[in-house]
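Structure first, commentary second.
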């Protein structure tokens, strides 16, 4: 396309405007503390550099860009940064295949994505760019780890962990989905290892309580997922004595009122307690059973469909409220990390306990009369409300009354107390892989765990490549003796570095704070700048991060608040979760042959058409089926909009008030509606209004007042500014054709004139039996009752009706539907 071609050529516009935008840098946020503009922080979830941008990126970043560009047009000082979550397993696995270093694959992919982002015209402030695999970033991961360690929030302990046999590393509970590794899909097994943890459970109540700040700003289903994952419950800790064991065993229960119904006791077969209390006679059977259980995932063990299995441990427990001896069993439906790894079994009122009792012939005692049949006969437990029976001093009480009374009894006798329990477990952060942040701890035989001094940070990675990175059940770092073997910082003796690296979710738990100054050298982030910019006003990303990333980021923010480094307790005030881009009703996949390549779509239709299609397809949270949308149709609309802007002949600065009044009314109604729609995140409807304005302006040019009318210029300039949110190349070229200097992105949002929003009359359609029979000119403020009477009094309508209609549906001011 030539410089002044009137034909819409998306590729030529991209070639023209991308270098000019890079030159003028229109989206750089101001750090001037005297800048009077209100600050807004727009954040997109961190991209991972696994390859070029895909369709999901195309949707998510188009949504975030609409918001950022809108805020800029409204006159805010907007921070919209970009960076890469660049540590992690995909890079390491790719390096093993290529006999290369993970950095090569990582930074090549980052360059590819950065080029694509620039082409996609996202309104990033590129001066904020960062990569978590850069030493200047992960140094501060290590610094923060040390601060957590000093506060007792980072600790190391042994225990059963989730192990991915394919990736050869441990996983946090949150990274196990339906018993499988959330990254590779391999079935997870349990393994005994000593690992590093962050004490997120210490913040469980605050993580729940502070959700009140997020109500109305976060999707309700995300808040529900977080609440369920934390899983707070109230009940009691109850002490049971095991015959032959001096120390009592504590059991957590939400139903202490049912203690009189406990007829046996169950411990997790993989717990230390089971190993400790099993009798010599029962040990062979127990060890055989434990070996079988070790092959099962937690999901399989907890399945209600799985047949109950277990083994008697040859010992008895003493029920603390009635002194009854009850048998102790090991059973796989109890997990070692739930509560205290042991439960009191009340089979009449818990289905899993009942299934177990019926299989092994154990007693079933009803202690809550719910009015339902005896569970021992029906096979159905009765866990609900009722009146206490067979329970001594609790008889006749309701469930709530009995719980309070039983806690009083336990407290008085010194065998229990009120307690709170959580599903949430401490965050396991160490990983047995190479491409991550080294844990800054040195292990000394004399001094124990010794943090690396701050002045020696960052602890960087040794140069390992290809087969040296192969996972062998321990970190590849263990095979780099020149890196592992160091002097103890305290005593100077021979010592060894910790060879695990940090979970990459550590990197993404605070990156949004680093963006305010990614090259800051005096700490992980500039505290004063974070106080000016934070918290984040809008966060856009996928629902798949509803628990993992968001929970960890919230935890980090609360710790940093306690350290006095941030002045807010929640990092993200508002959030949008975009849907998936699918094809033919299914997630895109090579095996299904329904993959769609973002780059190919852009090559075929242009960036603007692809972005417009993403936004116009539906609300942000809905899935987009690419088989049901049309980038070709988007391209045709953009061609029409381009011609409207190019056809204007009145000069810039003309007095709009002298223009055609009807087109001006349409323009100002569009401004009003689009503004409200963008504020409500109904971007697809906003695009529909822009299309309507384009059609009205085209009509005014071709068969109305003509291209020289000031109202046509006003409409075209309004269209250019609004289109800049979704189709920046077309809008920028149109803005230049209208005689303005770039960039349209900072032109300023138009303001609707209230006088032009007043509608003197609207046309109301009157239907009889679904067919249009009359049209009435009515006030836009007419009431439903007035409109009903007016329609029924119309001569045309009276002539069609024989008596009173059966039904009249009124949608004031535009529709009356009469059913005769």
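Numbering (full-length UniProt numbering), first residue to last: 1 to 820.
Backbone N, C-alpha and C define an ideal beta-carbon position, used for all residues, glycine too.
### Query
Buried or exposed: residue 2, going by 16 or more other Cβ atoms within 10 Å of its Cβ?
Taking the first residue of the chain shown as position 1, residue 2 is located at position 2. Unreliable positioning characterises residue 2 in this predicted model, as indicated by a pLDDT of 41, which lies under 50. The coordinate reading is nonetheless provided below. It is exposed - the Cβ of residue 2 has fewer than 16 other Cβ atoms within 10 Å.
#### Entry: Inter-residue Cα distance where the pair is residue 171 and residue 428
The residue given as residue 171 occupies position 171 in the chain shown. The residue given as residue 428 occupies position 428 in the chain shown. Computed Cα separation, rounded: 7 Å.
### Query
Quick one: is residue 115 buried, meaning 16 or more other Cβ sit within 10 Å of its Cβ, or exposed?
Walking along the chain shown from the start, residue 115 turns up at place 115. With fewer than 16 other Cβ atoms inside 10 Å of its own Cβ, residue 115 counts as exposed.
### Query
If we ignore side chains and look at the alpha-carbon of each, how far apart do residue 19 and residue 122 end up?
Here residue 19 is taken as the residue at index 19 of the chain shown, counted from 1. Here residue 122 is taken as the residue at index 122 of the chain shown, counted from 1. Their Cα atoms are separated by approximately 14 Å.
### Query
Along the chain, which unbroken stretches of the alpha helix (DSSP H) at least 4 residues long are found entirely within the stretch 208–233?
For the stretch 208–233, whole alpha helix (DSSP H) runs of length 4 or above, ordered along the chain, are 220–230.
### Message
For a test of the three-state rule: what should DSSP assign to residue 398, helix, strand or coil?
### Response
Taking the first residue of the chain shown as 1, we reach residue 398 at position 398. It is a strand residue.
### Query
Can you tell which of 304, 368, 739 and 374 has its C-alpha closest to the C-alpha of residue 398?
Position 398 of the chain shown, counted from the first residue, corresponds to residue 398. For residue 398, the closest alpha carbon among the candidates 304, 368, 739 and 374 is that of 368.
### Query
Which residues bound the beta strand (DSSP E) around residue 166?
Taking the first residue of the chain shown as 1, we reach residue 166 at position 166. Counting along the chain, residue 166 falls outside any beta strand (DSSP E), and DSSP gives it neither H nor E.
### Query
Taking C-alpha atoms, which residue in 541, 793 and 484 lies nearest to residue 62?
Here residue 62 refers to the residue found at position 62 of the chain shown. The residue among 541, 793 and 484 with its C-alpha nearest the C-alpha of residue 62 is 541.
### Query
Which one of 394, 312, 530 and 710 has the shortest CA to CA distance from residue 357?
Counting from one through the chain shown, the residue named residue 357 turns up at place 357. Looking at the Cα atoms, 312 is the closest of the given residues.
### Inter-residue spacing [alpha-carbon to alpha-carbon] between residue 76 and residue 804
The residue given as residue 76 occupies position 76 in the chain shown. The residue given as residue 804 occupies position 804 in the chain shown. Each residue's Cα considered, the two are about 58 Å apart.
### Task
Can you tell me which of the three DSSP states residue 492 falls into?
Indexing the chain shown from 1 puts residue 492 at position 492. Secondary structure of residue 492 (DSSP, three-state): coil.
### Message
I'd like the list of long-range same chain contacts for residue 700, defined as Cβ closer than 6 Å, with 5 residues on each side in sequence excluded.
### Response
As a first step, residue 700 is located in the chain shown; it is residue number 700 there, counting from the start. The residues are 663 and 712.
### Query
For residue 734, which three-state DSSP category applies?
Residue 734 sits at position 734 when you count from the first residue of the chain shown. Residue state, collapsed to three classes: helix.
### Query
residue 608 to residue 718, Cα distance in whole Å?
In the chain shown, residue 608 corresponds to position 608, counting from 1. In the chain shown, residue 718 corresponds to position 718, counting from 1. Rounded to the nearest whole angstrom, the C-alpha separation of residue 608 and residue 718 is 18 Å.
### Query
Do you know offhand how far residue 340's Cα is from residue 394's?
For the purposes of this step, residue 340 is taken as the residue at position 340 of the chain shown. For the purposes of this step, residue 394 is taken as the residue at position 394 of the chain shown. Residue 394 has its alpha-carbon roughly 26 Å from the corresponding atom of residue 340.
### Query
Just how far apart, CA to CA, sit residue 440 and residue 136?
On the chain shown, residue 440 is found 440 positions in, with the first residue counted as 1. On the chain shown, residue 136 is found 136 positions in, with the first residue counted as 1. Roughly 15 Å between the two C-alpha positions.
### Task
Would you mind sorting residue 578 into buried or exposed? The rule is 16 or more other CB atoms within 10 Å of its CB.
In the chain shown, residue 578 corresponds to position 578, counting from 1. Buried, because 16 or more other Cβ atoms sit within 10 Å of the Cβ of residue 578.
### Message
When you compare the CB positions of residue 255 and residue 364, do they come within less than 9 Å of one another, or not?
### Response
For the purposes of this step, residue 255 is identified with residue 255 of the chain shown, where counting begins at 1. For the purposes of this step, residue 364 is identified with residue 364 of the chain shown, where counting begins at 1. No, the Cβ-Cβ distance between residue 255 and residue 364 is not below 9 Å.
### Task
Determine the direct distance from the alpha carbon of residue 467 to that of residue 99, and round the result to whole angstroms.
Looking up residue 99 in the chain shown gives position 99. Looking up residue 467 in the chain shown gives position 467. So the alpha carbons of these two residues sit roughly 7 Å apart.
### Task
Check residue 330 in the structure and name its three-state DSSP category.
Taking the first residue of the chain shown as position 1, residue 330 is located at position 330. Here residue 330 carries a strand assignment [DSSP, helix/strand/coil].
### Query
How would you label residue 703, buried or exposed, when you count the other beta carbons within 10 angstroms and need 16 or more for buried?
Position 703 of the chain shown holds residue 703. Counting Cβ neighbours within 10 Å, residue 703 comes out exposed, since fewer than 16 surround it.
### For residue 410, the nearest candidate out of 252, 309 and 604 (CA to CA)
By one-based count along the chain shown, residue 410 stands at place 410. Looking at the Cα atoms, 252 is the closest of the given residues.
### Top-ranked residue by Cα proximity to residue 484, from 496, 490, 474 and 476
Counting from 1 along the chain shown, the entry for residue 484 is found at position 484. Distance from the Cα of residue 484 is smallest, within the candidate group 496, 490, 474 and 476, for 496.
### Touch test, the stretch 626–645 against the stretch 716–730, Cβ-Cβ under 8 Å, three pairs minimum
Verdict: yes, contact present.
### Cβ neighbours of residue 602 in the same chain (closer than 8 Å, five flanking residues each side left out)
Translated into the one-based positions of the chain shown, residue 602 becomes position 602. Excluding sequence neighbours, residue 602 sits near 119, 120 and 610.
### Query
Helix, strand or coil: which one does DSSP assign to residue 2?
Residue mapping note: residue 2 aligns to position 2 of the chain shown, counting from 1. Summary for residue 2: the model assigns pLDDT 41, below 50, so the residue's position carries little reliability, and this model does not support an answer.
### Message
Applying the 10 Å Cβ sphere with the 16-neighbour rule, what's the burial state of residue 125?
### Response
Here residue 125 refers to the residue found at position 125 when the chain shown is read from its first residue. Its Cβ being crowded by 16 or more others within 10 Å, residue 125 is buried.
### Residue ranges of each alpha helix (DSSP H) within the stretch 624–701, 4 or longer
For the stretch 624–701, whole alpha helix (DSSP H) runs of length 4 or above, ordered along the chain, are 631–647 and 661–679.
### Query
Using the beta-carbon count (16 or more within 10 Å), is residue 592 buried or exposed?
Along the chain shown, read from residue 1 onward, the residue named residue 592 stands at position 592. Burial call: exposed.
### Query
Grouping DSSP H, G and I as helix and E and B as strand, with all else coil, what is residue 58?
If you number the chain shown from 1, residue 58 lands on position 58. Looking at residue 58 - three-state DSSP - the assignment turns out to be helix.
### Message
Report the CB separation of residue 132 from residue 507 in whole angstroms; it is logged as a contact under 8 Å.
### Response
Start at 1 with the first residue of the chain shown, and residue 132 comes out as number 132. Start at 1 with the first residue of the chain shown, and residue 507 comes out as number 507. Yes, they are in contact, since the Cβ atoms of residue 132 and residue 507 sit about 4 Å apart, within 8 Å.
### Query
Sorted by chain position, which residues of the same chain lie with C-beta nearer than 7 Å to residue 180's C-beta, five sequence neighbours on each side aside?
The count along the chain shown starts at 1 and reaches residue 180 at position 180. Residues 186, 187 and 188 of the same chain have their beta carbon placed closer than 7 Å to that of residue 180, with the five preceding and five following residues left out of the count.
### Message
Quick check for students: name the residue ranges of the beta strand (DSSP E) that lie wholly in the stretch 264–328, counting only runs of 3 or more.
### Response
Taking only runs of at least 3 residues, the beta strand (DSSP E) segments lying wholly in the stretch 264–328 are 264–267 and 310–318.
### Query
From residue 480 to residue 462, what distance separates their C-alpha atoms?
Taking the first residue of the chain shown as position 1, residue 480 is located at position 480. Taking the first residue of the chain shown as position 1, residue 462 is located at position 462. Rounded to the nearest angstrom, the two C-alpha atoms are 7 Å apart.
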